[in-house]
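Protein sequence lines correspond, in order, to chains A and B.
With the working numbering applied, the first sequence covers 1 to 229.
With the working numbering applied, the second sequence covers 1001 to 1201.
Cβ atoms here follow ideal geometry from the backbone N, Cα and C, with glycine treated the same way.
As the structure is a prediction and not an experimental result, all values here were calculated from the model.
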Amino acid sequence: MRPETDRVKTLGLEVPGWTGHRAGQHVDVRLTADDGYQAQRSYSIASSAGGSRVELTVELIDDGEVSPYLTEEARVGDRFELRGPVGGYFVWDPNPGGPVLLVGAGSGVVPLMAMVRQRAADGDEVRTRLLYSARSWEDVIYRDELERAGQRGDGLEIVYALTREQPPGWTGYGRRVDRELLAEVVPDELALTFVCGPTPFAEAVAEALVGLGHEPSRIKTERFGPTGG
Amino acid sequence: MPIISRGFKGRKRDDAPRDRVPPGQYVTDDFPVLSAGPTPHTPLDQWDFTIVGEVDEVHRWTWDELRALPSETITVDISCVTKWTKLDMVWEGVPVDALLDGVETSAEYVTAFCDGGYTTNLPLADVTGGRAWIAFAYGGEPLEPEHGGPARLLVPHLYFWKSAKWVRGLRLTATDEPGFWESNGYHIYGDPWKEQRYWGD
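Now the structure itself:
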């Protein structure tokens, strides 16, 4: 188990019989109390495919039911049920036909990180730009790994938008992602976009990209909240 | 025998009427949004609803023609495959029965098709007999675009992905042809009470 931020933790799971997954897919986690009560929620897989290990990155939802358990109660050695992988649409395409844009807000970066990792694991050099919106630098999940990934010179570029608070000397964006910002960040000849974040964010980004002339069928979205768990 | 999750207690048990909440679901007061792509915005003067496929002739309604048909107010519980269930949702819509009335067909299935390219498949029997509507209002207000407006299919007895947003018509088919999510890992039928979420359920 690895803390990512104050509210976000990554859990590494050993899944016997896991047959692999595609970056962007999710799993269902099912918890069972000793009186038989069950609760289940979906979580994006954070890791690239390979072996029987699956990593989930979970954000604590205050009034949630499963995320408080996974982020605060679960310990190394605990067991629970996993179903998946699920989903065949919001998945990394190794042959997108041109540059790819990944746009994530908050924990919406998780399935995009799986794509970044899969791309690196495959030695894939398709031009990819990750635009990541977070409240502050402290809220950026995977920040050390992203910093390294962005410096490898393999065609991955990372652009941050810190909406509430920026560290001293910040040179990235210090505001919300909007149409104007997207117009500056969208790579030339953009072929495919993945957007993941809270509903208002995903709506606004997808709408702005359509407004900028991008083909709606080449904009894949995954929305979450306001509930969750 | 499920694995007991050490230390997991869950929420208190008595807050949801279990006979109204399908297995694996939790009750929410929110109305979450799930869509695979951008929200389409088709102007109403360019909007129509058609019944095509294995039919005697194409049947078509403009927005005004559809809205002129008798509508019903429906209060139903909705379950989404992402695990939320929302109770007592109040919709207004035209029964699909009214649209299929007078359509000659030997088809046994339908594919709902939508702005944005989304499709979903259902047995014809699941959209007839007072079980499905073309809904244009929710909570007494016009249906918002992010929730499928101007109109979405409403099939309350199946998981909500079957209630296709931005619906523009029904294609009647002889065979059950998997739609968008049905081709991407989700169950061909989607009965929440049988927990038919994914392939293999």
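(request) Tell me whether arginine 41 of chain A sits in a helix, a strand or coil according to DSSP, three-state version. (result) In this structure, arginine 41 of chain A counts as strand in the three-state DSSP scheme.
(message) Runs of 3 residues minimum, wholly inside the segment 1121 to 1170 of chain B: which ones carry the beta strand (DSSP E) assignment?
(response) Here the runs fully enclosed are 1133 to 1138 and 1152 to 1154.
(request) Kindly identify the DSSP beta-bridge partner or partners of phenylalanine 991 of chain B. (result) One cannot answer for residue 991 of chain B here, as it falls past the ends of chain B, which runs 1001 to 1201.
(request) Over the uninterrupted beta strand (DSSP E) stretch that includes valine 159 of chain A, give me the two end residues. (result) In the DSSP assignment, valine 159 of chain A falls within the beta strand (DSSP E) that extends over 156 to 162.
(message) Counting only beta-carbon separations shorter than 9 Å, does isoleucine 1051 of chain B have a partner in chain A?
(response) Judged by the 9 Å Cβ criterion, isoleucine 1051 of chain B is not in contact with chain A.
(message) Under DSSP, the alpha helix (DSSP H) around aspartate 1097 of chain B begins and ends at which residues?
(response) Counting along the chain, aspartate 1097 of chain B sits inside the alpha helix (DSSP H) bounded by residues 1096 to 1100.
(message) Is tyrosine 43 of chain A close to chain B? Criterion is C-beta to C-beta, closer than 9 Å.
(response) No, tyrosine 43 of chain A lies away from the interface with chain B (no Cβ there is under 9 Å from its Cβ).
(request) Look up tryptophan 1181 of chain B in the DSSP assignment and say whether it is helix, strand or coil. (result) Of the three classes helix, strand and coil, the one that applies to tryptophan 1181 of chain B here is helix, per DSSP.
(request) With DSSP as the reference, please indicate the residues paired to serine 133 of chain A in a beta bridge. (result) Within the DSSP bridge table, the entry for serine 133 of chain A names A:Ala105 and A:Ala161 as partners.
(request) Starting from alanine 149 of chain A, trace the alpha helix (DSSP H) both ways and give me its first and last residue. (result) For alanine 149 of chain A, the enclosing alpha helix (DSSP H) covers residues 143 to 150.
(request) Decide yes or no for the touch test of the segment 60 to 75 of chain A against the segment 97 to 115 of chain A: beta carbon pairs closer than 8 Å, at least 3 of them. (result) Too few Cβ pairs lie closer than 8 Å, so no.
(message) For a contact defined as C-beta to C-beta under 8 Å, what are the partners of proline 1070 of chain B on chain A?
(response) Taking the beta carbon of proline 1070 of chain B as reference, no residue of chain A falls within 8 Å; the closest one sits roughly 33 Å away.
(message) Taking 9 Å as the threshold (C-beta atoms), are aspartate 1056 of chain B and glutamate 1104 of chain B in contact?
(response) In terms of Cβ geometry, glutamate 1104 of chain B and aspartate 1056 of chain B form a close pair [threshold 9 Å].
(request) Using a Cβ-Cβ cut-off of 9 Å, state whether valine 126 of chain A counts as contacting chain C. (result) Among the protein chains in the structure shown, which are A and B, there is no chain C.
(request) With DSSP collapsed to three states, give me the class of glutamate 72 of chain A. (result) Reduced to three states, the DSSP call for glutamate 72 of chain A is helix.
(request) Report yes or no: is there a C-beta of chain B within less than 9 Å of the C-beta of glutamate 59 of chain A? (result) Chain B contact via Cβ: absent.
(request) Look at the Cβ atom of valine 1090 of chain B, then the Cβ atom of tryptophan 1133 of chain B, and state whether they are nearer than 9 Å. (result) Taking a C-beta distance under 9 Å as the contact criterion, valine 1090 of chain B and tryptophan 1133 of chain B do not qualify as a contact pair.
(message) Please classify glycine 36 of chain A as buried or exposed, where buried requires at least 16 other C-beta atoms within 10 Å of its C-beta.
(response) Burial call: exposed.
(request) Please state whether DSSP places threonine 193 of chain A in a helix, a strand or coil. (result) Strand at threonine 193 of chain A.
(message) Here's a check: name, in chain order, each residue in its chain whose Cβ is nearer than 6 Å to the Cβ of glutamate 81 of chain A, leaving out the five neighbours to either side.
(response) Taken in chain order, the residues that qualify are Arg30.
(request) Closer than 7 Å by beta-carbon distance: list the chain A residues that pair up with threonine 1082 of chain B, in chain order. (result) Correct list: Ser42.
(request) For glutamine 40 of chain A, count neighbouring Cβ atoms within 10 angstroms of its own Cβ and tell me buried if that reaches 16, exposed if not. (result) The residue in question, glutamine 40 of chain A, is buried, as its Cβ has 16 or more Cβ neighbours within 10 Å.
(request) Answer with buried or exposed for alanine 121 of chain A, where buried requires no fewer than 16 other C-beta atoms within 10 angstroms of its C-beta. (result) With fewer than 16 other Cβ atoms within 10 Å, it is exposed.
(request) For leucine 1034 of chain B, go through chain A and note every residue whose CB falls closer than 7 Å to its CB, in chain order. (result) Arg223, listed in chain order.
(request) Can you give me the start and stop residues for the beta strand (DSSP E) that leucine 13 of chain A sits inside? (result) From DSSP, the beta strand (DSSP E) with leucine 13 of chain A extends over 8 to 14.
(message) Taking the beta carbon of isoleucine 1003 of chain B as the centre, do at least 16 other beta carbons fall within 10 Å, making it buried, or is it exposed?
(response) Of the residues assessed, isoleucine 1003 of chain B falls on the exposed side of the cut-off, its CB having fewer than 16 other CB atoms within 10 angstroms.
(message) Can you find the residues in the same chain that come closer than 8 Å, C-beta to C-beta, to glutamate 189 of chain A, ignoring five residues on each side of it along the sequence?
(response) Same-chain partners within the cutoff: Gly98 and Pro99.
(request) Compute the distance between the beta-carbons of valine 110 of chain A and isoleucine 158 of chain A, then report whether it is under 9 Å. (result) Against a cut-off of 9 Å, the Cβ pair of isoleucine 158 of chain A and valine 110 of chain A comes out as no contact.
(message) Between B:Leu1143, B:Leu1087, B:Gly1117 and B:Pro1178, which has its C-alpha nearest leucine 1123 of chain B's C-alpha?
(response) According to the sequence displayed, residue 1123 of chain B carries proline and not leucine. It is B:Pro1178.
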